[in-house]
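Count along the sequence shown starting at 1, add 4, and that's the number in my numbering.
For each residue, glycine too, the CB sits at the ideal point set by N, CA and C.
Only a predicted model underlies this, so the values are computations on that prediction, with no experimental measurement involved.
Everything on this sheet refers to the single structure shown next.
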Amino acid sequence: MQAKVLRVWAACGFLVLGAAWASGAGTARVDLSKPFEVDKDTIALYHLDDVASGQVKDAVGEGRAGKVVEAAEAEGKFGKALDGDGTKGWVDFASLPRREGLTALTAECWVRFRDRAVADIVCRTGQFMIRVPGKVHAYFWIDGAWRIVEGAKALPVDRWTHLAITWDQATRMAGIYVDGQLDVAQKPEGITDAKLGGGVGGMRLGGHTWKQNPRFLNGLLDEVRISSVARQYQTAAPARQEKPAETAKPPAPAREHFPAVSEKPLKPWATNTDPTDVAKSKAIEITEGTQKYTVVQGGTMDGRSCRSPMGCGMAREGAFYQTWESNRSVRMQNVGETDVINPWLSNGRNNFRTVKEIASSALAPGMTDADRALAIWAQQIQYRHHAPGDNNELGDPVKVFNIYGYNTCGNDSICMATLWKAVGLKAAPARALGHCISQAFHDKAWHFYDGDLHSVYLLRDNQTVASEQDIVRDHDLVKRTHSQGILFPDTWWHGQGMPALYFYVGEVTGQRSGKADTTMNMVLRPGEALVWRWGQVTPLKYHGKLQTMPTYVGVPHTICNGLWEYRPDLTKETWRRGATVENVTSGQQGLTAEKGKTGTIVWTMSSPYVFVGGRIEAEGKGLKFLICHDGKAWRPAGGNLDRFFAIVGPAHYRYQLKCQLEAGAQLSKVAIINDLQMAPMALPEMVVGENVFTYSDQTPGERKVRTTHNWVERSTSKPPPAPPAALNPPDGGESDGTDTVFQWTAPKATDGGRIGDYQFELSRRGDMKLPLSMDFYKLISRTADASVVRDKDGNIANATVKSQYTLPLPGLLTPDQKYHWHVRAMNDKGVWGPWSKTWSFTARGVACPVEVTPDYDEAKGVGTLKWKANPVGKRPAKYRVYGSDEKGFTIGDQRYQSTVGVSKKEMADWNPWFPANFVAETAATELVVMGCDVDLPAANKTYYRVVAVDEQGKRSGASDYAAGPRPIIYSRPVLAAKVGTKYRYQVRANRSLGDLTARMRGNNQVSGYFDIERPRFALKQGPAWLKIDAATGVLSGTPRAAGRAEVAVTATIDREARKLDEKALVWGSEKILSTATERVGVATQKFVLDVR
């Protein structure tokens, strides 16, 4: 029978009361003066004297050996030891048998840290772990979850230290021992049956068993023993049952005036509660210029797992949607006596203090210039969305990332250009009506990246990002790619009008860049604090423009309101260093004016976040406060400062507050509290599990800072597991063509529900850092592989998704190219699970033909389209040819629906159904497509594309288009006429309809086919009775006498050429400088008319 045993020891003349927990009567305490021995309770024992052999043997008879991985051998505590260097060096035990039914356990070892006591020491999946982030953390897998007990004793370096963690089911107590001394004895939170896991898979000595955040041992490890008993060690102080470290709060500093009130949850999370929610808080004392620490968040849900990816902000859902948030606040407070210079708290995802940091955070080692340009774009679309505000603020990347989280297209193009320049790339504006975009120059060309509308468009090699002029020339590059972000529905009709913005033909000129010297630097005076908070006050406080927050009404968490607080302790002289003081004396009653004088105290309030409101809390009498923004004009201020930080007007990051003390006035306490605006994606958030934070500052001397994390733990819904397997293409396999349907094994839904959505990503990179394009960065609920139910506002209320993603058309992948992809699942409660393993495959199939060229023989009046097979991919068996008079047309075997904009009359035959444009199929690499004898559908057009087909009928994507000469008179003349009978011949010539483009009509921007060419026909030679309709080309008349006559008809095409002000167009505005008429071409057809 297990029992709690009370013992008394006399040590060093002191009577010490201790408690030990034994797993059975008569268990001897461990002798730490010699190597461990195998006894009846030993599960495994590794002396580590055999590291050099490559295998570590278990001293327990039939125990399994471990594989040494890049570890060295060194002198140990007893004999030899394992030597790890912090990046490599561990021992792996694969597929250990489960040990179910253990009622107690001890894991112990000897360790010698080199530079710092940070490492994962012994990690057995699904059972126990000894982890050391400065102090011992004991992990036990109890009742299906990790239960964590945190030690209190900081571990030494450069000497051998014995560590042990114990668990006893009978007493439900976990213990931590350091050098045989009890550090902590505690009942872990959340246990019910107190059932210890039997272990899953393997075990590692010197590190943990998963890939993320490796924390390998930099030091020596010796004598590792695992036992089925809670072993006993000498205790040097009364064993105490401590409260969980997560809830332990440090004492408040003595005599702190107006201490901060407890952080209350803000809208919308204040009302989003559940009876099982557990509020948690943890405070950390900071004394080092760079200090890392770990906070463990329990539960099964957090803000990141309950949040969708960022959209561009124009879909109904707004910028993103979120069902819950676990984070509440993080307070960073100077509790010392000296100023703290440029403090920051990083979770590894919010290092955006400078333009250089923002740019660097997007990059990975070994990136090419093309990768770097795309990486900056990819980061941009994950941290900001489209919404209006103060244009004087929103062109600054540091402010956009940290404070606002949004801007509109013009400012986004400035930010993108600024970040590209920070990594050495040139940037210039693109030209578009109603929209602003920047281009980056790399690989000897310009490339178009739209951060605002979350769009990039690839050339048909599916690798090179198109330039503005590529898009202007071929609108199909846009139409074949998803635009406007991951939240926008991906359907065949969305985006048909998107390319209309791009029509300006001309060399890229000019440059674009913005403010690059802003920082998030700050100074915290004694008693000053920055509080990051999730949620917003009511009413919302923000800086920008009135009546410009539709996104925020529907999705209120896209703006957060933090706090800047200054609570100087007026009982200490240090308060004077934080203010400009005149004629003020300190006394027991507080601060008063010197006799016969007016006393003044001026505090300068300065924050890297924009001030959007505030208040003063003060105790005293006869107090008068004044506020100043410009150092000149002072205005009287009451307790509420909100009116001095209006929504519109200049943004304020600095102001002065004056306290004026007349005779008899007295100030005993003061707190200056300001509301801040913060971007939610850049806050130091936590997620479920371990969260490693890095505090840093640039204070030259000592500092004393306290960070306090407040969060809520919730377990009402469990995230679904990662999709377990790739079905098509199989992992490491090949695709059958490029019209791929990606399929995966659906994970088992949690909570008795179902899978609510999937996110799919595909990349050319194995690290999945960059999506190939927006066709491969998808929510399945926004694709044809889902059926959705919408609410009254048009938002998706419910989605039924397939575990697949069907590519919208062939040719978006390049044959023989290796690709990588992964998927994650969301349950029907809105909680996202982890990403699957990254799978890979090689695309197979035919690639689009290249060098498509029209060869027109003017003498014969015959045009032959020629092309070459793409050297990439399978050899085509045949080809399909398509033709159209629409520039940048999309191929269609059947008619398809699209938009003609305002050109409904001019394009009546195309509204709304565009005609099929298939010409013919051939096994050759050429086809006659123009001429009088060509009688094929969609032939005698101006523009052509070719598709390759393999032996199984799998198609490539469409080729680049080739443009034939125009006009060409391709109609066969009527060569015979009869006296007295009306003669009629319809002359036909090809032309261009142009493409859908945008223009201004008055104050409205419209789209239409404004460049439709209309050939003018003329009769240059012929009998007097013969006439031609210049508009229709109908040649007609009634001959009066027989004979032969030579006839010559012409078709002439002229077009309007508008000269636009490029300086206006780069900012999305249209200004016509002049118009002119340009000759496109003239065609002549000659024949002899025989009249009988």
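| Item | Value |
| --- | --- |
| Rounded to the nearest angstrom, what separates Cys564 and Gln383 at their Cα positions? | 20 Å |
| Would you check if the distance between the CB atom of Leu1069 and the CB atom of Leu505 is smaller than 8 Å? | no |
| Please report the distance separating the alpha-carbon of Leu817 from that of Thr468. | 12 Å |
| Expressed to the nearest angstrom, what Euclidean distance is found between the alpha-carbon atoms of Ala23 and Tyr325? | Reliability fails at Ala23, whose pLDDT of 32 lies under 50, so the model's placement of it is uncertain and no value is given. |
| If we define contact as Cβ-Cβ less than 8 Å, is Tyr947 a contact residue for chain B? | This model lacks chain B altogether; it includes just one protein chain. |
| Where does Gly307 land, buried or exposed, given buried means 16+ other C-beta within 10 angstroms? | buried |
| Please list, in chain order, all residues of the same chain as Asp1058 whose beta carbon is under 6 Å from its beta carbon, the five residues on each side excluded. | Thr1081, Arg1083 |
| Keeping to the same chain, check which residues put their C-beta closer than 7 Å to that of Leu96; ignore five residues upstream and five downstream. | For the sequence presented, residue 96 should be read as Asp rather than Leu. Only Gly70, Lys71, Val73, Gly206, Arg208 meet the Cβ criterion. |
| Mind checking which residues open and close the alpha helix (DSSP H) that includes Met420? | 413-426 |
| Taking DSSP as the reference, what is the three-state secondary structure of Thr1081? | strand |
| Give the DSSP-derived three-state secondary structure of Ser333 in the structure shown. | strand |
| Taking the C-alpha atoms as reference points, what is the distance between Ala1052 and Gln990? | 14 Å |
| Quick one: which unbroken beta strand (DSSP E) runs of 3-plus residues sit fully inside the region 668-733? Chain order, please. | 693-700, 709-717, 730-732 |
| Do Gly179 and Thr170 have their CB atoms nearer than 8 Å? | yes |
| On the three-state DSSP scale, how would you describe Asp375? | helix |
| According to the neighbour-count rule (16 or more other Cβ atoms, all chains shown, within 10 Å of its Cβ), is Ser517 buried or exposed? | buried |
| Hey, Ser975 and Arg988: beta-carbon distance below 8 Å or not? | no |
| Just the C-alpha distance for Gly1085 and Asn994, rounded to the nearest angstrom, thanks. | 11 Å |
| Should Lys782 go down as buried or exposed, given a rule of 16 or more other Cβ atoms within 10 Å for buried? | buried |
| Report back the beta-carbon spacing between Asn915 and Val906 to the nearest angstrom; my notes put them in contact at under 8 Å. | Not confirmed; about 11 Å, so no contact. |
| Just to confirm, are Cys852 and Ser963 a CB contact at a threshold of 8 Å? | yes |
| If contacts are defined as beta-carbon pairs under 8 Å, then Arg116 and Arg163 qualify, I think. What distance do you get, rounded to the angstrom? | 6 Å |
| Between which two residues does the alpha helix (DSSP H) holding Gln326 run? | That residue, Gln326, is in no alpha helix (DSSP H); it is neither H nor E in DSSP. |
| Nearest-angstrom Cα distance between Gly340 and Ile288? | 14 Å |
| Rounded to a whole number of angstroms, what is the C-alpha to C-alpha distance between Arg219 and Phe697? | 14 Å |
| Classify Leu378 as buried or exposed, calling it buried when 16 or more other Cβ atoms lie within 10 Å of its own Cβ. | buried |
| Apart from the five residues just before and just after Pro858, which ones in its own chain have a Cβ nearer than 6 Å to its Cβ? | Gly867, Leu869, Ala966, Gly968 |
| Are the Cβ atoms of Ile195 and Ile146 separated by less than 8 Å? | yes |
| Let me check understanding here. Comparing Cα to Cα, which of Leu457, Gln236, Phe405, Pro192 lies closest to Gly315? | Leu457 |
| To the nearest angstrom, report how far apart Leu544 and Pro272 are at their CA atoms. | 11 Å |
| What three-state label does DSSP hand Ala1046 in the structure shown? | coil |
| Taking the beta carbon of Arg33 as the centre, do at least 16 other beta carbons fall within 10 Å, making it buried, or is it exposed? | exposed |
| Confirm, please, whether the CB-CB distance from Ala847 to Ala952 is below 8 Å. | no |
| Pull the bridge partners of Asp1095 from the DSSP assignment, please. | For clarity, residue 1095 is Val in the given sequence; the question names Asp instead. Per DSSP, Ala981, Gly1047. |
| Can you look up His212 in the DSSP assignment and give me helix, strand or coil? | coil |
| In or out: Gly571 buried (at least 16 other Cβ within 10 Å) or exposed? | Note on residue identity: the sequence assigns Arg, not Gly, to residue 571. By the 10 Å Cβ count, Arg571 comes out buried. |
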